[in-house]
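A.B. asks: Dumping the structure here so I can ask a few things about it.
See below:
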């Protein structure tokens, strides 16, 4: 039977980073992935949507949801993690240097973002440029493919990390299902899984679940861990408020180049594909060049749950609804300041793309990200103690680096 130093379940922001870091230190690494390899430009074909009160969107493929992000790299929840004894400041610095994280150059800032910034300042709001994991030399200023999959290779995705891991000797097995952790005396002894209809088994003392907040609970439940698993699901719920602003040209500009940080969320320019149908329902013929959208993202309450059978529930609470209403008013003020026709205002359905919290630090894992089973760790968004209300990818990657260092030391 094959023996590995570490088996990683999942290949997204955490799994890819962890595999790259460990294989670079000569650890024998196996990555088990539910999805398959896909060309980045075709990542949109692998979307998986959980209908759970709100829609929760993710990608099932090698690289995970990193394939369809905007490349946003905000360091979120660092203080909250420090309260649990986890300091990832150094890891964030390392990632900033390795990936050249910074806002895109001024040449990318078009009319829509300029108008957004001016409106924010006129309303007394503090606006910042969004740090990105994007190579501006490869990126196209008018491209709108981020959430479908990068067509130029400009944007960082975990697929890049996985390829580096493979070059360093790691192995990946795709289209895996029914993963179960094998234990003895409260310690990890191996992993059992099914691929191509055949049950396989490998030996290891260390397993890290990086299957995401919807996938990790299944791994933990099957391993016999029950308390608090699957509870506390948040998703950073967002809607997009849209209006008609003549020749704003957001459709020819990168999304989320700037943002306004509110108390428990953010506002950011976003050309949602779901806005135009909303205009049509109101009898408004909206040309794409005239559509201005503002994303309203909140740190929602951890009111959701992932059940043992894999079903997901994520209702909006009264608090969530009120916060969306409150921040939407700010978005409306900004749209009006940008010259929007206020009779054309529409809003999209609530969605979530940052699921987390279902194996939270202090409840399911300790400050070493280890569960009650020795050798079984979690390093994805499941461990986050609360909703960030902003893109968490950088923090998830930093947590993976943090864990990699600990595993190398041991």
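In the numbering used here, the protein residues as written are 77 to 486. Beta carbons are placed, not taken as given, at the ideal position from N, Cα and C, and that holds for glycine. These numbers come from a predicted model, not from an experiment.
In whole angstroms, what is the alpha-carbon distance linking residue 391 and residue 478?
C.D. replies: Within the chain shown, numbered from 1, the residue matching residue 391 stands at position 315. Within the chain shown, numbered from 1, the residue matching residue 478 stands at position 402. About 33 Å.
A.B. asks: My output table needs one value for residue 150: the three-state DSSP class, helix, strand or coil.
C.D. replies: Counted from its first residue, the chain shown places residue 150 at position 74. Correct three-state label for residue 150: coil.
A.B. asks: Please list the segments of the alpha helix (DSSP H) lying wholly inside the stretch 248-308, counting only runs of 4 or more residues, in order along the chain.
C.D. replies: Correct list: 292-298.
A.B. asks: Give the DSSP bridge partners of residue 314, in chain order.
C.D. replies: Residue 314 sits at position 238 when you count from the first residue of the chain shown. 373, 427.
A.B. asks: Does DSSP classify residue 44 as helix, strand or coil?
C.D. replies: This structure does not reach residue 44, given that the chain is present from 77 up to 486, and the question cannot be answered.
A.B. asks: Starting from residue 169, follow the alpha helix (DSSP H) in both directions and report where the run begins and ends.
C.D. replies: For the purposes of this step, residue 169 is identified with residue 93 of the chain shown, where counting begins at 1. Element bounds for residue 169: 165-175.
A.B. asks: On the criterion of 16 or more Cβ atoms from any shown chain inside 10 Å, does residue 300 qualify as buried, or is it exposed?
C.D. replies: As a working note, residue 300 is residue 224 in the chain shown. Per the 10 Å Cβ criterion, exposed.
A.B. asks: Roughly how many angstroms separate the alpha carbons of residue 131 and residue 438, rounded to a whole number?
C.D. replies: Taking the chain shown and counting its residues from 1, the one referred to as residue 131 is at position 55. Taking the chain shown and counting its residues from 1, the one referred to as residue 438 is at position 362. Approximately 28 Å, taken between the alpha carbons.
A.B. asks: Which class does residue 191 belong to by DSSP, given the choice of helix, strand or coil?
C.D. replies: In the chain shown, residue 191 corresponds to position 115, counting from 1. The answer is helix: DSSP assigns residue 191 an H, G or I state.
A.B. asks: Quick one, are the C-beta atoms of residue 365 and residue 414 less than 8 Å apart?
C.D. replies: Within the chain shown, residue 365 is the residue found at index 289, counting from 1. Within the chain shown, residue 414 is the residue found at index 338, counting from 1. No, they are not a contact pair.
A.B. asks: Relative to the C-alpha of residue 29, which residue among 107, 377, 170, 471 is closest?
C.D. replies: Any property of residue 29 remains undetermined from this structure, which presents the chain solely from 77 to 486.
A.B. asks: Look at the Cβ atom of residue 129, then the Cβ atom of residue 458, and state whether they are nearer than 8 Å.
C.D. replies: Residue mapping note: residue 129 aligns to position 53 of the chain shown, counting from 1. Residue mapping note: residue 458 aligns to position 382 of the chain shown, counting from 1. Taking 8 Å as the Cβ cut-off, residue 129 and residue 458 do not qualify as a contacting pair.
A.B. asks: So, using beta-carbon positions, are residue 149 and residue 455 closer together than 8 Å?
C.D. replies: In the chain shown, residue 149 corresponds to position 73, counting from 1. In the chain shown, residue 455 corresponds to position 379, counting from 1. Not a contact, by the Cβ cut-off of 8 Å.
A.B. asks: With DSSP collapsed to three states, give me the class of residue 453.
C.D. replies: To locate residue 453, count along the chain shown from 1; it is residue 377. Three-state result, residue 453: strand.
A.B. asks: Rounded C-beta distance between residue 152 and residue 471? I'm assuming under 8 Å.
C.D. replies: Here residue 152 is taken as the residue at index 76 of the chain shown, counted from 1. Here residue 471 is taken as the residue at index 395 of the chain shown, counted from 1. Contact flag correct, Cβ pair sits at about 5 Å.
A.B. asks: Does the Cβ of residue 274 have 16 or more other Cβ atoms within 10 Å, making it buried, or fewer, making it exposed?
C.D. replies: For this step, residue 274 is matched to residue 198 along the chain shown. Looking at its Cβ environment, which holds fewer than 16 other Cβ atoms inside 10 Å, residue 274 is exposed.
A.B. asks: Report back the beta-carbon spacing between residue 112 and residue 137 to the nearest angstrom; my notes put them in contact at under 8 Å.
C.D. replies: Working through the chain shown from its first residue, we reach residue 112 at position 36. Working through the chain shown from its first residue, we reach residue 137 at position 61. Contact flag correct, Cβ pair sits at about 6 Å.
A.B. asks: Report yes if the C-beta distance between residue 318 and residue 380 is below 8 Å; otherwise report no.
C.D. replies: Counted from its first residue, the chain shown places residue 318 at position 242. Counted from its first residue, the chain shown places residue 380 at position 304. The answer is no: Cβ separation not under 8 Å.
A.B. asks: Taking the alpha helix (DSSP H) that residue 241 belongs to, which residues open and close that run?
C.D. replies: As a working mapping, residue 241 is identified with position 165 in the chain shown. Residue 241 -> alpha helix (DSSP H) spans 234-243.
A.B. asks: For residue 337, report the span of its alpha helix (DSSP H) as first-last.
C.D. replies: Position 261 of the chain shown, counted from the start, is the residue given in the question as residue 337. Where residue 337 is concerned, there is no enclosing alpha helix (DSSP H), although the beta strand (DSSP E) it sits in stretches over 334-338.
A.B. asks: Does DSSP put residue 321 in a helix, a strand or coil?
C.D. replies: Mapped onto the chain shown, residue 321 falls at position 245. Looking at residue 321 - three-state DSSP - the assignment turns out to be coil, as it is neither helix nor strand.
A.B. asks: Classify residue 472 as helix, strand or coil using the three-state DSSP reduction.
C.D. replies: Position 396 of the chain shown holds residue 472. The answer is helix: DSSP assigns residue 472 an H, G or I state.
A.B. asks: Given that a residue counts as buried once 16 or more other Cβ atoms are within 10 Å of its Cβ, and exposed if not, what is residue 61?
C.D. replies: In the structure as shown, the chain begins at 77 and stops at 486. Residue 61 is therefore absent and cannot be evaluated.
A.B. asks: Identify the continuous alpha helix (DSSP H) that holds residue 412 and give its terminal residues.
C.D. replies: Working through the chain shown from its first residue, we reach residue 412 at position 336. 394-413 is the extent of the alpha helix (DSSP H) around residue 412.
A.B. asks: Among the residues of its own chain, which have a CB less than 6 Å from the CB of residue 270, if the five just before and after it don't count?
C.D. replies: As a first step, residue 270 must be located in the chain shown, where it is residue number 194. Taken in chain order, the residues that qualify are 253, 254.
A.B. asks: Rounded C-beta distance between residue 205 and residue 333? I'm assuming under 8 Å.
C.D. replies: To locate residue 205, count along the chain shown from 1; it is residue 129. To locate residue 333, count along the chain shown from 1; it is residue 257. Going by Cβ atoms, the distance from residue 205 to residue 333 rounds to 7 Å, so yes, they are a contact pair.
A.B. asks: Assuming contact is defined by CB atoms lying nearer than 8 Å, are residue 105 and residue 80 in contact in what I supplied?
C.D. replies: As a first step, residue 105 must be located in the chain shown, where it is residue number 29. As a first step, residue 80 must be located in the chain shown, where it is residue number 4. Closer than 8 Å, so yes.
A.B. asks: Is the distance from the Cβ of residue 248 to the Cβ of residue 109 below 8 Å?
C.D. replies: By one-based count along the chain shown, residue 248 stands at place 172. By one-based count along the chain shown, residue 109 stands at place 33. Yes, the pair counts as a contact, with Cβ atoms nearer than the cut-off.
A.B. asks: Report yes if the C-beta distance between residue 464 and residue 160 is below 8 Å; otherwise report no.
C.D. replies: Here the question's residue 464 lines up with position 388 in the chain shown. Here the question's residue 160 lines up with position 84 in the chain shown. It is not a contact, given that the beta carbons lie outside the stated cut-off.
A.B. asks: Grab me the residues of residue 347's own chain with a C-beta within less than 7 Å of its C-beta, minus the 5 sequence neighbours each way, in chain order.
C.D. replies: Here residue 347 refers to the residue found at position 271 when the chain shown is read from its first residue. Cβ neighbours of residue 347 beyond the five flanking positions: 220, 326, 327, 331, 367, 369.
A.B. asks: By alpha-carbon positions, which one of 349, 93, 466 ends up nearest to residue 428?
C.D. replies: Indexing the chain shown from 1 puts residue 428 at position 352. With distances taken between Cα atoms, residue 428 lies closest to 466.
A.B. asks: Apply the 10 Å Cβ neighbour rule to residue 363 and answer buried if 16 or more other Cβ atoms are within range, or exposed otherwise.
C.D. replies: Locating residue 363 in the chain shown gives position 287, where the first residue counts as 1. Per the 10 Å Cβ criterion, exposed.
A.B. asks: Which value, in whole angstroms, describes the spacing of the CA atoms of residue 140 and residue 313?
C.D. replies: Position 64 of the chain shown, counted from the first residue, corresponds to residue 140. Position 237 of the chain shown, counted from the first residue, corresponds to residue 313. Distance between the alpha carbons of residue 140 and residue 313 is about 19 Å.
A.B. asks: Going by the beta-carbon positions, is the gap between residue 450 and residue 262 smaller than 8 Å?
C.D. replies: The count along the chain shown starts at 1 and reaches residue 450 at position 374. The count along the chain shown starts at 1 and reaches residue 262 at position 186. Yes, Cβ-Cβ distance for residue 450 and residue 262 is below 8 Å.
A.B. asks: Quick one, which of 202, 217, 171 has its alpha-carbon nearest residue 182's?
C.D. replies: Reading the chain shown from its first residue, position 106 is the one you call residue 182. Among 202, 217, 171, the Cα nearest to that of residue 182 is on 217.
A.B. asks: Suppose the cutoff is 8 Å on Cβ atoms and the five residues either side in sequence are ignored; what does the same chain contact list for residue 489 look like?
C.D. replies: Only positions 77 to 486 of the chain appear in the structure, and residue 489 is not among them; the question remains open.
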